[in-house]
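The next block holds one structure in the form of structure tokens; read it before the comments.
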Amino acid sequence: MGRWLTSGRVFWLGLFAVTWLLSQYSFQLYKALDARWIIRYPKKWQLPLEDSISGFLDWLVETANFYFFTFRDLTRAIAAVLEAPYQFLRNLLIEGFTTGYGDSAVQLAPSLGWVAVVVCVIAIGHYARNWALAALVGACFLYLAVFGQWHSAMITLASVLIAVPIGAVGGLFLGIAAYRAPWFNRLLQPVLDLMQTVPVFAYLVPILILFGFGPVAALVATVIYAMPPMVRITILSLHSVPEEIQEAGRMAGCTKRQIMWKVLVPSATPSLMVGVNQVIMLSLNMVIIASMIGAGGLGFDVLASLRRLDIGAGIEAGLAIVVMAIALDRASQAFAERSQRNLPEGNLLQRHPWSSTVLLVILANLVLGRFVPALQTYPDAMTLTTGPFWSDAMEWINVNFFDTFEAIKVVVLQGLLLPVKKFFSGIPWAWGIIATGLISWRIGGWKLGVMAALMMAFIAASGLWAKAMITIYLCGVSVLIATVIGIPLGIWAAEKPAAGRVILGFMDTLQTLPSFVYLIPVVMLFRVGDFSAMIAVVLYALAPAVRYAAHGLRDVPEQMIEAGVMSGCTKRQLLWRVKLPLATPQLLLGLNQTIMLAISMLVITALVGTRDLGQEVYIALTKANAGQGIVAGLSVAFIAIVADRIVNALAEGQRRRLGL
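Going letter by letter, the sequence shown gives residues 15 to 674 in our numbering.
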């Protein structure tokens, strides 16, 4: 009995039993005691946060004055600073440069045109690595022209070319400040946690109120969304620079400023470029969401197709985003791995052959484009479309497999989703707070327990307990399925290199697809509802479970495997008794990332009819209700933070047990 108690099984079984009983019989308890507060948080106790936040933002926009300028003047100045380069890039890539307005407008210079842009990206690809990369990025941009996505793609590219430098440079300077000042780092980490866990929709609402509807508001939201990984990677990269390199700089007489910019930053450049890569990918992932507040481009095309349930147009625009993401991703990775090369000798043209070629092509295109319009704008008669193919394919699948899909949907709904939903929906708010605190205390200590209980109490006091339980249920089921599918795939990828290349390549594709793109075929096949939301979340959140499982198994020390073999372990025993236990911290890290992606996707699946916190945030966005959006967004963030801390505590405990 002592060992039973020590193992904690009584605690976990008892906690589950009490929670299940209260979940099943809370309504009967409420009826017997005539105590409605058992199942619903009393309205008179709710925090009046929504009105306070909305009132504060109204005061900022309408009244706030900082002596020499108002807050509205500040937002207009920021908007002007962002809008000028954005409009320049739009003119350069799409619209051309004009003077005057309306019928009296006169064109000063045309845009670069598709030929010049394709040559530019080919030159960048070759400069970054080799001809293979040049061909890949060139083919990606040529695809955008051939399939009629050029105009929207260039609008998206203009947004990315503004957001990425701001996010990368801003993240770099914040990371450097955090590296130099430990107190600033301690202040910054909770802010970064919040920025990465608050759903994007939540801060679209205040940004919409502060900056208005349009591309500038979308750019601000994109920078906020994409900057945190750059900050974290900068801090990590600077701390990873070997001490002897810094010591060499000090011995050479470098000042602190020189050590930072001539020693640390150059040494950390490959790692910093990984951060730039993440900023690019997150900016592209943001383009559809930002289209809700006026970003335009490919994101707007996907969103409009989703609203019309136009499967062909939606997949075409989604594939265009994927193609652009692949080109920018591979190019940025190549720059991260690129070593310094010696310039060839000779004159200016010989030393910079690609720059000279690009310049000549641009000049020739500007001149010849006046006489041959096809050099400027890809001819409509030569464009191809796959829209009808995708629409016909989806219609054929629906006609031939509708009964099969419906049967699968009914089985999963009745056998898994509805029972789990009933369990979480029935948990009384008071016991839910206590149970979350007890779970967190048992896993991570009393501090984590108190923090988790307070965060769940905030959700209850905001009047969002019921929707929070729906969020936890959907996220929990989706993460469970993604983990059950992902870990075996990761094991297969690690054990079989040939299969691994295919599996991890497929995961690359899933990670480059924008989150909204998953909704289109899922809705067409399964209609709206929790089942469709779950399928979309599983597809979006699957990649980390696979990748971290494969990575963890591959990183198991060779000597541990040899020791297992020498002990007579079979391949099966080697996997279950040696590799998987040692890879558990990596598996838990994959679980953590799967949870984070699932929670972020749940806000987007509100478009397919889920009645969770994501729906609350989306409604706030459509009504421009900042208070409602921020409170619901914070509730989602608190759920994410609690889950993140619990999984991290589990991983840390496993590392201690393994002596790592």
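Here a beta-carbon is modelled for each residue, glycine too, at the ideal position from N, C-alpha and C.
Only a predicted model underlies this, so the values are computations on that prediction, with no experimental measurement involved.
Between residue i and residue j, is the Cβ-Cβ spacing less than 8 Å?
i           : j           : result
residue 488 : residue 616 : yes
residue 546 : residue 536 : yes
residue 650 : residue 609 : no
residue 476 : residue 60  : yes
residue 188 : residue 202 : yes
residue 320 : residue 92  : no
residue 486 : residue 653 : yes
residue 559 : residue 501 : yes
residue 570 : residue 596 : yes
residue 338 : residue 538 : no
residue 660 : residue 453 : yes
residue 540 : residue 423 : yes
residue 334 : residue 159 : no
residue 634 : residue 219 : yes
residue 235 : residue 304 : yes
residue 399 : residue 161 : yes
residue 396 : residue 441 : no
Spatial neighbours of residue i within its chain, please: CB distance less than 7 Å, with the 5 preceding and 5 following residues excluded, ordered by chain position.
i           : result
residue 603 : 562, 665
residue 233 : 96, 100, 173, 176, 177
residue 450 : 466, 467, 470, 656
residue 15  : With a pLDDT of 42 at residue 15, under the threshold of 50, the modelled position of this residue cannot be trusted, and the question is left open.
residue 401 : 326, 327, 330
residue 676 : Because the chain is modelled from 15 through 674, residue 676 falls outside the range shown and cannot be assessed.
residue 419 : 539, 540
Express the C-alpha separation of residue j and residue i in angstroms, rounding to a whole number.
i           : j           : result
residue 108 : residue 175 : 14 Å
residue 33  : residue 222 : 41 Å
residue 643 : residue 137 : 44 Å
residue 550 : residue 179 : 31 Å
residue 598 : residue 663 : 13 Å
residue 557 : residue 374 : 43 Å
residue 641 : residue 315 : 29 Å
residue 79  : residue 85  : 6 Å
residue 285 : residue 517 : 25 Å
residue 240 : residue 171 : 15 Å
residue 300 : residue 580 : 51 Å
residue 82  : residue 123 : 40 Å
residue 245 : residue 287 : 12 Å
residue 11  : residue 611 : The question about residue 11 has no answer here: the residues shown for the chain are numbered 15 through 674.
residue 212 : residue 87  : 27 Å
residue 113 : residue 627 : 48 Å
residue 555 : residue 265 : 48 Å
Leaving out five residues before and five after residue i in sequence, what residues of the same chain have Cβ atoms less than 6 Å from its Cβ?
i           : result
residue 282 : 251, 252, 255
residue 129 : 379, 389
residue 508 : 564, 567, 568
residue 376 : 130
residue 268 : none
residue 455 : 463
residue 294 : 178, 342, 346
residue 237 : 177, 180, 181
Just tell me which of the options has its CA closest to the CA of residue i.
i           : options            : result
residue 37  : 434, 306, 518, 141 : 434
residue 248 : 340, 313, 278      : 278
residue 322 : 630, 670, 622, 668 : 622
residue 497 : 220, 636, 606      : 606
residue 132 : 113, 157, 124      : 157
residue 242 : 296, 659, 637      : 296
residue 381 : 127, 480, 154, 495 : 127
residue 669 : 646, 41, 594, 306  : 594
residue 473 : 630, 392, 68, 94   : 630
residue 459 : 163, 244, 211, 667 : 667
Can you list, in chain order, the residues of its chain with a C-beta nearer than 8 Å to that of residue i? Leave out the 5 residues immediately preceding and following it.
i           : result
residue 291 : 343, 346, 347, 350
residue 427 : 544, 545
residue 632 : 215, 617, 620, 621
residue 262 : 277
residue 104 : 168, 169, 172
residue 260 : 273, 277, 278
residue 747 : The chain is shown only over 15 to 674; residue 747 falls outside these bounds and no answer can be derived.
Entirely within the segment 226-268 and at least 4 residues each: give me those alpha helix (DSSP H) ranges in chain order. Listed in chain order, they are 229-254, 257-265.
Unbroken alpha helix (DSSP H) runs of length 4 or more, entirely within the segment 277-324: which are they? With a minimum length of 4 residues, the unbroken runs of alpha helix (DSSP H) contained wholly in the segment 277-324 fall at 279-304, 311-322.
Inside the segment 470-519 only - alpha helix (DSSP H) runs reaching at least 4 residues: Segments of the alpha helix (DSSP H) lying fully in the segment 470-519: 479-509.
Please specify which runs of the beta strand (DSSP E), each continuous and at least 3 residues long, are wholly inside the segment 41-115, giving them in chain order. Counting whole runs of 3 or more residues, the segment 41-115 contains the beta strand (DSSP E) stretches 111-113.
Where are the alpha helix (DSSP H) runs, 4 residues long or more, that stay fully inside the segment 411-444, in chain order? For the segment 411-444, whole alpha helix (DSSP H) runs of length 4 or above, ordered along the chain, are 432-439.
Please go through the segment 138-216 and give each complete alpha helix (DSSP H) segment of 4 or more residues, from N-terminal end onward. Runs found: 145-160, 164-194, 196-211.
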